[in-house]
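The structure under discussion appears below in the form of structure tokens.
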Amino acid sequence: MDFGGILVDALRAAVGPVAAAYALSAIGLNLQFGYTGLLNFGHVGFMLAGAYGAAITVEFGGSLWLGIPIGIAAGVLLGLLLGFPTLRLRADYLAIVTISAAEILRLIVRSTWAHPVTRSVFGIRAFADEFFDMNPLDVGASYGWGDFRFSGRQLWVILVSWSVVAIAGFLLYRMIRSPWGRVIRAIREDEYAARSLGKHVFSYKLQSLMLGGGLAGLSGILLAIEQQSVFPDTWQPKITFFLYVIVILGGAGTIIGPIVGAIVFQFLFFFFDRFMTSAQLEGWFGNVLDATGAAQVKLVLVGVGLMTLMAVRPEGIFGHREELLIDER
Amino acid sequence: MRRLRIAQVLAATFVALMLSPAAALAAGEDIHGQLEAIDGQQRVPVPGVTIVVEQDGREIGVAVSDSAGMWVVPVPEAGTYQVRLVVDTLPDGVALTVPGHEVLPDVLVRSSQAKAIRFQLGPGVSSGVGDLDRFLDLVIIGLKLGAIIALCSIGLSLIFGVTGLVNFAHGEMVTLGAVLAYFLHASPLGPEWPLLVAAVPAVLIGAAIGGIQELGLWGPLRRHPTGLIAMLVISIGLSFALRNLILIVFRGEPRPYIDYAVQQKWEFLGISMVPKNIVIILASAAILGVVGLFLQRTKLGTAMRAVADNKDLAESSGINVNAVILTTWIMGSGLAAAGGIFYGVSEQIQFDMGFKMLLLIFAAVVLGGLGTAFGAMVGSFIIGLLVEVSTFWVDNEFKTAIALGVLVVMLLIRPQGLLGSKERIG
Numbered sequence: 112m113d114f115g116g117i118l119v120d121a122l123r124a125a126v127g128p129v130a131a132a133y134a135l136s137a138i139g140l141n142l143q144f145g146y147t148g149l150l151n152f153g154h155v156g157f158m159l160a161g162a163y164g165a166a167i168t169v170e171f172g173g174s175l176w177l178g179i180p181i182g183i184a185a186g187v188l189l190g191l192l193l194g195f196p197t198l199r200l201r202a203d204y205l206a207i208v209t210i211s212a213a214e215i216l217r218l219i220v221r222s223t224w225a226h227p228v229t230r231s232v233f234g235i236r237a238f239a240d241e242f243f244d245m246n247p248l249d250v251g252a253s254y255g256w257g258d259f260r261f262s263g264r265q266l267w268v269i270l271v272s273w274s275v276v277a278i279a280g281f282l283l284y285r286m287i288r289s290p291w292g293r294v295i296r297a298i299r300e301d302e303y304a305a306r307s308l309g310k311h312v313f314s315y316k317l318q319s320l321m322l323g324g325g326l327a328g329l330s331g332i333l334l335a336i337e338q339q340s341v342f343p344d345t346w347q348p349k350i351t352f353f354l355y356v357i358v359i360l361g362g363a364g365t366i367i368g369p370i371v372g373a374i375v376f377q378f379l380f381f382f383f384d385r386f387m388t389s390a391q392l393e394g395w396f397g398n399v400l401d402a403t404g405a406a407q408v409k410l411v412l413v414g415v416g417l418m419t420l421m422a423v424r425p426e427g428i429f430g431h432r433e434e435l436l437i438d439e440r
Numbered sequence: 038m039r040r041l042r043i044a045q046v047l048a049a050t051f052v053a054l055m056l057s058p059a060a061a062l063a064a065g066e067d068i069h070g071q072l073e074a075i076d077g078q079q080r081v082p083v084p085g086v087t088i089v090v091e092q093d094g095r096e097i098g099v100a101v102s103d104s105a106g107m108w109v110v111p112v113p114e115a116g117t118y119q120v121r122l123v124v125d126t127l128p129d130g131v132a133l134t135v136p137g138h139e140v141l142p143d144v145l146v147r148s149s150q151a152k153a154i155r156f157q158l159g160p161g162v163s164s165g166v167g168d169l170d171r172f173l174d175l176v177i178i179g180l181k182l183g184a185i186i187a188l189c190s191i192g193l194s195l196i197f198g199v200t201g202l203v204n205f206a207h208g209e210m211v212t213l214g215a216v217l218a219y220f221l222h223a224s225p226l227g228p229e230w231p232l233l234v235a236a237v238p239a240v241l242i243g244a245a246i247g248g249i250q251e252l253g254l255w256g257p258l259r260r261h262p263t264g265l266i267a268m269l270v271i272s273i274g275l276s277f278a279l280r281n282l283i284l285i286v287f288r289g290e291p292r293p294y295i296d297y298a299v300q301q302k303w304e305f306l307g308i309s310m311v312p313k314n315i316v317i318i319l320a321s322a323a324i325l326g327v328v329g330l331f332l333q334r335t336k337l338g339t340a341m342r343a344v345a346d347n348k349d350l351a352e353s354s355g356i357n358v359n360a361v362i363l364t365t366w367i368m369g370s371g372l373a374a375a376g377g378i379f380y381g382v383s384e385q386i387q388f389d390m391g392f393k394m395l396l397l398i399f400a401a402v403v404l405g406g407l408g409t410a411f412g413a414m415v416g417s418f419i420i421g422l423l424v425e426v427s428t429f430w431v432d433n434e435f436k437t438a439i440a441l442g443v444l445v446v447m448l449l450i451r452p453q454g455l456l457g458s459k460e461r462i463g
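Residue numbers (my numbering), protein chains in the order written: chain L, 112 to 440; chain D, 38 to 463.
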């Protein structure tokens, strides 16, 4: 088994554009889940809204630079629509509505009814030419060391995506330390205490959900730009679960947590994926697992990992256990 | 196994055709075909469908497809014929892939040619029936779906009632029941029992897995104390792990049970219905009735409602709360497994059927009132009927979207649901 090759593949995935998009999306989810205590189980739906918002704008003749704000606005709007009926109620109602809405959005954009707008299962392709035309790097060249290389095209996406992550992380850092941030953390700790101090809890929760939705929308756009296409079935519920693992692994309620979480998660996920695939090829599993089965084991581990983390180490790598119960800072 | 059986039937039909004097006589010309409903990878033979062969408006011959979907009409001479499939004789759930293509107008048969032709059949509601009939059909299908959702949602609602946990892994209990029954009934690796026999251990194992979950996972977590949000995240992790485990074992493609896969319709007072739908509705109603009596009349059932209503008060009045919670998990999971088997009989079995069902269960439970068993039943029937009957006006693809619409509207106007109490909603 070629461990060196597997390691390099996993490292490439860990710094790749998908990891950056997940990190940005996880920052949004962390704002909702880690800082405000909102259970959004349909985060992928916000990413879908963003990606389709941008792609449809371009498809109907708009510029990508108009499409990006429209996509972000779509994510914000979805937050408003889903938050309004649920955020006055117990935490689980938001979870129920978001998990359903995300799956139904996917079914709607892939339906034949929506075909004239969304191109249903055929997807919208090549909508981000304007972004790639701006690439200052040499598209033909490859950058890196040894096997750890990216093409000029990939590197351009990577640089832009991680820059966006850094900006979003910095903005969130400032917001959490602002009076606004103190209120949302107070809501997470004790909603009634915050209310008794005259804070409009519902409105703050809604703002947090919408802001996180906007970040998810932007991350969906990044993911779509990287693939130069938008297909309905990219936005499976499993992405939401990946994001939960990322947020909890890195540490919910910390700034750096989702970013490190995304890198570590992508590294482990691809390392294990390549490892299982090669092990299967070399016949380690006999007839018990075929190639498809071996590739799916990683998904089971994501679920088990999420349960174990939440039960045993809910604070993740960087979090503080107290931060999940009482804020001491 | 299934393919083998079809091959056997095919071979037998072939031999019979070769040997029968009629076939020898007509060794010249015939028109024949095999009716199969094709759904993705799955091909199901469609029996009992009438095929009429005509020439210039004159009826030449009629055939009814046999259990392998085979039909043959001998024709007197070479020439051009019209072949018509009688749409009304299609079983429930099978329809022409392109509605209106029931007549093949120019079937050219050459001298001494056995002409094979194909009708494109797939899953769907058969068209060609009147609006009222179709509406009544949808009502029956809706009642059936409602009955199935009711079986699945009582567990979710009662478990929420006694523990406060919305169990996102409840959908996987539904899938598990269907898949266990498939293993015991249709898998070549299993004992290949008839479905009725296989269903009993499948439900019992499903119930036992619910009990094991409570004893091994949720009970310890509650005593640890773990917060509501952490428990919800754990349940969604469990759902994801179980779903993908089932995917690895069962694979991605949908599969039907062997028994009751395709049935001839019954005609009753002008309404045509598939026997299995009626059986599912009646059997579910019976089970729901027993559950209702259990909750109202027995000591344990009363205790269950008491714990769901006020846990501390129930405990202080001497009810063994942990035993009640364990019973609720066992009962709820068993009912979900039964619901999964019924759903497998009426549709197909797939690794994510429970997850898709979960969205309907949520809508039903919120509509009826989280935490109540009777609310869950009422909500389920309303959602089942709404979802199916809505396809009378809107596209099939929006069924689940309608359930979500109902859910959101209900949360806006009456968040505690039809039968729920106001304190629960926070």
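We put the beta carbon where it would ideally sit given N, CA and C, even for glycine.
Quick caveat, the model's predicted, so the values are computed rather than measured.
Per DSSP, what kind of secondary structure is residue i in: helix, strand or coil?
i, result
"D:L62", "With a pLDDT of 38 at D:L62, under the threshold of 50, the modelled position of that residue is not reliable, and the figure given next carries that caveat. DSSP places D:L62 in helix when its eight states are reduced to three."
"L:W395", "coil"
"D:M310", "strand"
"D:P257", "helix"
"D:T87", "strand"
"D:W303", "strand"
"L:Y163", "helix"
"D:Q385", "coil"
"L:S340", "strand"
"D:H69", "strand"
"D:V123", "coil"
"L:F313", "helix"
"L:G404", "helix"
"D:G408", "coil"
How should residue i be labelled, buried or exposed, when 16 other C-beta atoms within 10 angstroms of its C-beta is the threshold for buried?
i, result
"D:R147", "exposed"
"D:P257", "exposed"
"L:W273", "buried"
"L:G394", "exposed"
"L:M112", "exposed"
"D:E96", "exposed"
"L:R230", "buried"
"L:E337", "buried"
Below 8 Å on the Cβ atoms is my contact criterion, and I expect residue i with residue j to pass it. Report the Cβ-Cβ distance as a whole number of Å.
i, j, result
"D:I386", "D:P291", "7 Å"
"L:A335", "L:G139", "In fact, because the Cβ distance is near 16 Å, the residues do not count as touching under 8 Å."
"L:G178", "L:A165", "4 Å"
"D:W366", "D:I177", "33 Å between Cβ atoms; not a contact."
"D:S321", "D:L188", "6 Å"
"L:G331", "L:G182", "7 Å"
"D:G106", "D:Q71", "5 Å"
"L:I235", "L:V341", "5 Å"
"D:A115", "D:W108", "Not a contact, Cβ separation roughly 20 Å."
"D:G289", "D:F220", "The pair is not a contact, with the Cβ atoms about 17 Å apart (cut-off 8 Å)."
Just the Cα atoms here: how many angstroms apart are residue i and residue j?
i, j, result
"L:P247", "L:L159", "29 Å"
"L:R199", "L:F313", "6 Å"
"D:N359", "D:V344", "10 Å"
"L:S174", "D:A74", "46 Å"
"D:S383", "D:A244", "22 Å"
"D:A61", "D:P82", "Reliability of the predicted coordinates at D:A61 is poor, the pLDDT of 35 falling under 50, and no value is obtained from them."
"D:V112", "D:Q301", "27 Å"
"D:G457", "D:G369", "19 Å"
"D:G391", "D:I191", "15 Å"
"L:Q377", "L:V271", "18 Å"
"L:H226", "L:T168", "15 Å"
"D:E66", "D:T117", "12 Å"
"D:F411", "D:A236", "25 Å"
"L:L329", "L:A162", "8 Å"
"D:I315", "D:I356", "40 Å"
"D:G179", "D:G326", "19 Å"
- prompt: Does the region 197-208 of chain D come within contact of the region 387-398 of chain D, defined as at least 3 CB pairs closer than 8 Å?
  reply: yes
query: Is there contact here, the region 378-386 of chain L with the region 258-271 of chain D, by at least three beta-carbon pairs under 8 Å?
result: no
query: Should the region 361-372 of chain L be regarded as contacting the region 115-124 of chain L, the criterion being three or more beta carbon pairs within less than 8 Å?
result: no
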